[in-house]
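In this note's numbering, the protein residues as written are 4 to 340.
Structure below.
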């Protein structure tokens, strides 16, 4: 097919809506066991048939030995509990992922508000010189976005600022409180001068091979990681299935491997076991790495506890290789969980 040709799409096949009773009967008639029709109806009503399908799909019968596609009936001896456990695990995992992102996001707001105000003054974002990483048009868009967000915010300290001071916008340390993660990243992080980005990377122990401490922070990897965090934040906020997500949108860029005399002490080699993994494992490891720099082992311990409470979840489907728990990236104070 020529690249300019429009692909031939077919209309969505008709699927007349079925009652909850019909849907539950269909699943049980196709081999789902361990649940009554009445309870299955309630679960379908609670979650949605199509949403729940994402969790039972791996339990369906393969269409062929060569194909990854599956269809009804269920494989032999599939219990509804197996499906529901994955759903509950995914719910808890998403909440924990978001919990870690909150820790990172608050740290970013604190760091950028302080560093940018030291660099350009408390209202430095009002001029392009204060955010040199933004183009002229991007800076205008930034100010428009900040004005809109500030005006609509009901945060008590911003309401007080609007009713007390004549300034059109508040200082950095106030306005960051009402910014979304995306707005913070696109405007204040992207607009920050390179030395502030490198300092942030260094604080978070994201290094490049250059031994010069002034440029050792790897802002390229940091920028990539902040974008994957944005993607994961959106996924968790919209309740997307996360535990076995395989798209590259949450796949963080990993530091390069080094060999020979350069390998000693190089943090990038700790990531080697995740270089070929798919699924959210690399993201979760990156999130663990960042939260550990900010808040010590608190998030790590909650994650390990979650994994221990669901031993039936296939960790390989998440992208975790054998031995991941004893890897340097998941050790706490030198001990493996």
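Cβ atoms here follow ideal geometry from the backbone N, Cα and C, with glycine treated the same way.
Q: Take residue 202 as the anchor and find which of 189, 313, 226 has the nearest alpha-carbon.
A: The shortest C-alpha separation from residue 202 is found at 226.
Q. Which of helix, strand or coil does DSSP assign to residue 220?
A. It is a strand residue.
Q. Ordered along the chain, which non-local residues of its own chain (more than five positions away) have a Cβ less than 8 Å from that of residue 64?
A. Closer than 8 Å at Cβ, skipping near neighbours: 73, 74, 75, 76, 77, 78.
Q | Reduced DSSP secondary structure (H/G/I, E/B, other) of residue 64 | A | If DSSP states are grouped into helix, strand and coil, residue 64 belongs with the strands.
Q. If you pair each beta-carbon of the segment 86–104 with each one of the segment 302–311, do three or more pairs fall below 8 Å?
A. Yes: at least three Cβ pairs fall under 8 Å.
Q: Measure the C-alpha to C-alpha separation of residue 128 and residue 266 and round it to an integer number of angstroms.
A: Answer to the nearest angstrom: the Cα atoms are 41 Å apart.
Q: Give me the Cβ distance between residue 195 and residue 136, rounded to the nearest whole Å; I'm assuming they're in contact under 8 Å.
A: Contact holds; Cβ gap of about 6 Å.
Q | Cut-off 7 Å between Cβ atoms - residues of its own chain near residue 229, not counting five sequence neighbours on either side | A | Result list for residue 229: 188, 192, in chain order.
Q.
Quick check: what's the CA-CA separation for residue 331 versus residue 223?
A. Distance between the alpha carbons of residue 331 and residue 223: 23 Å.
Q. Which whole-angstrom value is the C-beta distance of residue 255 and residue 285, which I expect to be below 8 Å?
A. Yes, residue 255 and residue 285 are in contact; Cβ-Cβ is about 6 Å, under 8 Å.
Q.
Residues in the same chain with beta-carbon distance under 6 Å from residue 26, minus the five sequence neighbours each way, listed in chain order, please.
A. Within the same chain, residue 26 has close Cβ partners 47, 52.
Q.
I want to know whether the segment 82–93 touches the segment 235–249 - three or more CB-CB distances under 8 Å.
A. Counting Cβ pairs under 8 Å, three or more are found: they touch.
Q.
Can you tell me whether residue 173 is buried or exposed? The criterion is at least 16 other CB atoms within 10 Å of its CB, across all chains shown.
A. Residue environment for residue 173: buried (at least 16 other C-beta atoms within 10 angstroms of its C-beta).
Q. Between the beta-carbon of residue 149 and the beta-carbon of residue 178, is there less than 9 Å?
A. Closer than 9 Å, so yes.
Q | residue 277 vs residue 212 beta-carbon contact at 9 Å | A | At a Cβ-Cβ threshold of 9 Å, residue 277 and residue 212 do not count as neighbours.
Q: Classify residue 147 as helix, strand or coil using the three-state DSSP reduction.
A: Under the three-state reduction of DSSP output, residue 147 falls in the helix class.
Q: Return yes when the Cβ of residue 161 is within less than 9 Å of the Cβ of residue 133, no when it is not.
A: No, the pair does not count as a contact, with Cβ atoms beyond the cut-off.
Q) So, is residue 240 buried or exposed, given that buried needs 16 or more other C-beta atoms within 10 angstroms? A) With fewer than 16 Cβ atoms within 10 Å of its Cβ, residue 240 is classed as exposed.
Q.
Check for me: the alpha helix (DSSP H) holding residue 159 runs from which residue to which?
A. Where residue 159 is concerned, the enclosing alpha helix (DSSP H) stretches over 159–167.
Q: Pick out the complete beta strand (DSSP E) segments inside the segment 184–255, 3 residues or longer, and give them in chain order.
A: Not a single unbroken stretch of the beta strand (DSSP E) spanning 3 or more residues falls wholly within the segment 184–255.
Q.
Mapping the DSSP letters down to three states, classify residue 315 as helix, strand or coil.
A. Residue 315: coil per DSSP, three-state reduction.
Q) When the Cα of residue 297 is compared with those of 82, 198, 275, 112, which residue comes out closest? A) Closest by alpha carbon: 112.
Q. Just curious, the alpha helix (DSSP H) that residue 26 is in, first and last residue?
A. That run of the alpha helix (DSSP H) goes 23–32.
Q.
On the DSSP letters alone, give me the boundaries of the alpha helix (DSSP H) that residue 97 sits inside.
A. First-last of the alpha helix (DSSP H) with residue 97: 83–123.
Q) Straight-line CA distance for residue 49 to residue 251? A) One Cα belongs to residue 49, the other to residue 251, and the distance between them is close to 30 Å.
**Q.** Residue environment, residue 81, which counts as buried when at least 16 other CB atoms sit within 10 Å
**A.** That one is buried.
Q.
Along the chain, where does the alpha helix (DSSP H) containing residue 349 start, and where does it finish?
A. Here the chain has residues from 4 to 340 only, and residue 349 is not among them.
Q: Report buried or exposed for residue 3, applying the criterion of at least 16 other Cβ atoms within 10 angstroms of its Cβ.
A: Only positions 4 to 340 of the chain appear in this structure, which leaves residue 3 out of reach.
Q. So who's on the other strand from residue 334, going by DSSP bridges?
A. Beta-bridge partners of residue 334 (DSSP): none assigned.
Q. Does DSSP put residue 77 in a helix, a strand or coil?
A. In the structure shown, residue 77 sits in a strand (DSSP, three-state: E or B).
Q.
Considering just the uninterrupted stretch of the alpha helix (DSSP H) at residue 290, what are its terminal residues?
A. Looking at the DSSP string, the run of the alpha helix (DSSP H) that includes residue 290 is 284–298.
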